[in-house]
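In what follows, a structure is listed as structure tokens, so that the remarks can point back to it.
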Amino acid sequence: MNLDILRHLCALSGVSGQEDAVRGAIIEALPDGARYIVDRLGNLIVTKDAREPKPQKHTALFAHMDEVGMIVTHVAPGGFLLFSHVGGIDRRAYLGKRVFVGKNEIAGVIGVKPVHLLDDGEKRKTPKSDALCIDIGARSDVEAAERVQLGDRVCFAPHFKTFGDGFVKAKAIDDRVGCAILLDLLQQDLPYAMTAVFSCQEEVGGAAGAAAFALVPDYAIVVETTTANDLPGVDGAKRVCALGGGAVVPFMDRGTVYPMELYMRTMALAAAHGIPAQTKTMIAGGNDARVIHTGGCGVPTLAISVPCRYLHSPSVVMQISDAEAAQSLIYHVWEELCHP
Amino acid sequence: MSDTKALLFDLCAAHAVSGMEHAAAKRIAAHLTPYCGVTIDKLGNIIGTKEGAGHHVLLDAHLDQIGMIVTGHEPNGFLRVAKCGSMDLRVLCAAEVSIHCADQTYYGVVPASAPHLNDDAADIVPDWADVLVDTGLTQEEAERDIPLGTRVTLRQSAMELGEDRVTGAALDNRAGVACVLRCLELLEGEPTCKITVCFSAQEETGGDGAMVAGFEAQPDSAVTVDVSFAQSPGISPHEAQGKLGGGTMIGVSPRLSSEISDMLTKLARRDDIPYQMEIMGGRTGTNADLFQHAGRGIPCGLLSIPLRNMHTAVELADLDDIEATAQLLAAYVRERSHA
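As you go down the protein sequences, you meet chains A and B in turn. Note that this note's numbering gives residue 295 to position 296 of the first sequence, counting from 1, and the numbers run on in steps of one. One gets this note's numbering by counting positions in the second sequence from 1 and adding 251 to each.
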């Protein structure tokens, strides 16, 4: 895992619909010989030719560039910014966090009523989203309106940190780690031509479907992150999957039922190559597979994910060894699907 | 002004959860030594003494900050914690923390439940019994390296916000400490009355530091500098009287000396120092309450810096208010010195 690339990608703001900075950084990092187009919706479609340019089966890889965040909806008196969420965020994660607003990355904070002033009921309840606002240190609404505009996207302030025994904490690991894996694969000396799609707007519905329609691949592999709930006090199936358990290969989630044959083949390949792999023990979450496998006349699609704690929060945590296992498994599955 | 900001940022970089102030004592005392002799007393108060004639004034700002304290070890290196001071449970979701061991600071994250799993959980504020810290260590490593009782802070360095505002995790009450230091800077070279500076310990857990510091110093008067609630959306003017950027807040309360409150107000008017009044019906919730009853009793005044989002990692203050507070504090010392 190239942590420098991951650190760089996670630091960028790419809230759904404004993936420009991430797309620019990925284009910048593409290896010599890679060609790309940006489609009408902003998906970045990269092709890298190889010694044997034509695999028997065209197997495209997908990772999404966007991240969950917020969008400015109103500038209130006093210079406070009201906002709506973009993608699914537990509103508890907003409280007391530092954020960056718009392309100029204006720093702000999401405050709360001080704990001293709360009555017993307020102490037990999360404030409603519409009671929250972003404070950019402006002294008036006029000053605030000079620095931000309605529709500006807001991301959590990035802070990339390695800690413990090979863990990484950052915002937007979902799905910059997928982007980093695809970039790393594209750097390698590949036996077949590779198509990698860096997609937009996964967190709000998925623009990847348009790319799937345009490419009509024989197979698609979605490179993603998925929720691990492996906390003390959580037992059995409710753990979903665990950090340190390797790549996660689901047979079904809330977006997609995956072809059983692909799932079984992937798990068998993992076992054959000694790559740590696990499945999800709960039907939870979903990803671009939903819009990719219905692209055109249909694309058999598989997801291979990095297990992550605290997804969609400013502090997503993953273990480096899991990302390495996922990358290794993705490569082997891709190779086998290309040339069975 | 920019010097005050740099000073404040350096003060905020120190970690002094109640009862563990010695961890930050060296860093903070270093800012005080240019002005006076410095000692650290039995409870961890940093005491500065500047000799002078006549009146003896004590200038107080508490040194400690809220935090958490490790109470247990769980599988996979998770820690259980309790609050140390009135930490707000609501801001812990996905918070980054620093775990302050004797030889090393460890990094941790407070878990957030992913919205993919339980859509309805977002309403609920957890109990302290459910709060964990993820260290990324094994249980064995955590038990060996992070003893029970270790203090934990919200991890957030201070930064500028807009033009004259700052945000960070320990502005309560490093902003007060900065005011006292800035006041000493303003008074430098002037003959003054006797000044005792008290950067007090354990305010957030009850004010025990102030109680003994007041007894030891027995000054003729004391002024406590702390932060107080600033207005922001969703808070009524009755709950928070302070306006951010509205100047220093002069406390008026039955527990405070009316003479000192009046003197501070007159001085602010005379010197054109921006100020606002903070009226309380009884306890002030600051060290002033403790000084009043220390030893044979100390007449006490209170100056507060308006602060938004108190006891979170995104506390927010205005540098102009800090400067106004320092100016008024210096005016008070001069007035006592000339009397």
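For every residue, glycine included, the Cβ atom is placed at its ideal position computed from N, Cα and C.
Taking the alpha carbon of residue i as the point to measure from, which residue in the options has its own alpha carbon closest?
i                 : options                                   : result
His115 of chain A : B:Arg341, B:Gly419, B:Ile375 and B:Ala346 : B:Arg341
Val85 of chain A  : A:Cys178, A:Ser12 and A:Asp252            : A:Ser12
Cys56 of chain A  : A:Ala219, A:Val98, A:Pro231 and A:Lys96   : Correcting the residue identity first, residue 56 of chain A is Lys in this sequence and not Cys. Minimum Cα distance to Lys56 of chain A is reached at A:Ala219.
Ile180 of chain A : A:Ile25, A:His338 and A:Met281            : A:Ile25
Gly536 of chain B : B:Ala345, B:Pro398, B:Ser479 and B:Gln390 : B:Ser479
Ala473 of chain B : B:Leu405, B:Leu343, B:Glu436 and B:Phe542 : B:Phe542
Arg521 of chain B : B:Leu383, B:Leu314, B:Leu437 and B:Ala582 : B:Ala582
Ala20 of chain A  : A:Gly78, A:Tyr257 and A:Glu104            : A:Glu104
Asn560 of chain B : A:Ile88, A:Ile44, A:His7 and A:Val108     : A:Val108
Met69 of chain A  : A:Val14, A:Lys168 and A:Ala213            : A:Val14
Ala481 of chain B : A:Pro76, A:Lys112, A:Leu5 and A:Glu27     : A:Lys112
Arg416 of chain B : A:Cys199, A:Ala137, A:Ile4 and A:Ile88    : A:Ala137
Met317 of chain A : A:Gly273, A:Arg50, A:Gly243 and A:Thr278  : A:Gly243
Asp311 of chain B : B:Lys277, B:Ile350, B:Met462 and B:His489 : B:Met462
Asp65 of chain A  : A:Ser314, A:Gln187, A:Pro54 and A:Phe197  : A:Phe197
Ala130 of chain A : A:Phe162, A:Gly165 and A:Arg91            : A:Arg91
Asp164 of chain A : B:Gly457, B:Tyr358 and B:Val382           : B:Tyr358
Gly78 of chain A  : A:Asp140, A:Asn1, A:Arg6 and A:Phe162     : A:Asp140
Using the beta-carbon of each residue, which ones in chain B are nearer than 8 Å to residue i?
i                 : result
Arg289 of chain A : Those within 8 Å of Arg289 of chain A in chain B number zero; the least Cβ separation is about 14 Å.
Val108 of chain A : Leu412, Thr418, Asn560, Val565 and Leu567
Phe79 of chain A  : Ser483 and Pro484
So which residues on chain B does residue i lean against when the C-beta distance must stay under 7 Å?
i                 : result
Lys112 of chain A : Gly485 and Ile486
Leu5 of chain A   : What Leu5 of chain A touches in chain B: nothing, since even the nearest Cβ is about 16 Å away.
Gly191 of chain A : Just to set this straight, residue 191 of chain A is Tyr in the shown sequence, not Gly. Per Cβ cutoff of 7 Å: no residues; Tyr191 of chain A is ~34 Å from chain B at best.
Using 10 angstroms around the beta-carbon of residue i, count the other beta-carbons present and answer buried if the total reaches 16, otherwise exposed.
i                 : result
Lys517 of chain B : exposed
Leu328 of chain A : buried
Gln148 of chain A : exposed
Gly208 of chain A : buried
Ala426 of chain B : buried
Val34 of chain A  : It should be noted that the sequence gives Arg, not Val, for residue 34 of chain A. So Arg34 of chain A counts as exposed.
Ser512 of chain B : buried
Glu302 of chain B : exposed
Thr284 of chain B : exposed
Met252 of chain B : The predicted position of Met252 of chain B is uncertain, since its pLDDT is 49 and thus under 50; a value taken from the coordinates is nonetheless stated next. Classification of Met252 of chain B: exposed, given that the 10 Å Cβ count is below 16.
Leu579 of chain B : buried
Ala59 of chain A  : buried
Which of the three DSSP states is assigned to residue i in this structure?
i                 : result
Cys551 of chain B : strand
Lys122 of chain A : helix
Ser320 of chain A : helix
Ser512 of chain B : helix
Lys102 of chain A : coil
Leu567 of chain B : strand
Gln326 of chain A : helix
Ala195 of chain A : strand
Asp234 of chain A : coil
Pro557 of chain B : strand
Met252 of chain B : Legend: pLDDT at Met252 of chain B = 49, less than 50; position of this residue unreliable, no value from coordinates given.
Tyr218 of chain A : strand
Cys154 of chain A : strand
Leu5 of chain A   : helix
Leu579 of chain B : helix
Glu586 of chain B : helix
Glu51 of chain A  : strand
Ala92 of chain A  : helix
Cys335 of chain B : strand
Ile397 of chain B : coil
Leu294 of chain B : coil
Assuming residue i and residue j form a contact by the criterion Cβ under 8 Å, report the distance between their Cβ atoms to the nearest whole angstrom.
i                 : j                 : result
Gln527 of chain B : Gly497 of chain B : 5 Å
Ile135 of chain A : Arg146 of chain A : 6 Å
Cys307 of chain A : Thr224 of chain A : 5 Å
Ser304 of chain A : Val247 of chain A : 4 Å
Cys222 of chain B : Ala577 of chain B : Absent from the structure is residue 222 of chain B, since the part of chain B shown begins at 252 and ends at 590.
Ile317 of chain B : Ala464 of chain B : In fact, because the Cβ distance is near 20 Å, the residues do not count as touching under 8 Å.
Identify the contact partners of residue i in chain A, using a Cβ-Cβ distance below 7 Å as the criterion.
i                 : result
Asp374 of chain B : Lys124 and Thr125
Val342 of chain B : Leu94, Gly95 and Val111
Residue i touches chain B at which residues, Cβ-Cβ below 9 Å?
i                 : result
Cys132 of chain A : Ser483, Pro484 and Gly485
Asp38 of chain A  : In chain order: nothing, as chain B lies at least about 28 Å away.
So with CB distances below 8 Å, who are the chain A contacts of residue i?
i                 : result
Thr389 of chain B : Asp164
Ser337 of chain B : Val114 and His115
Leu383 of chain B : Leu230 and Pro231
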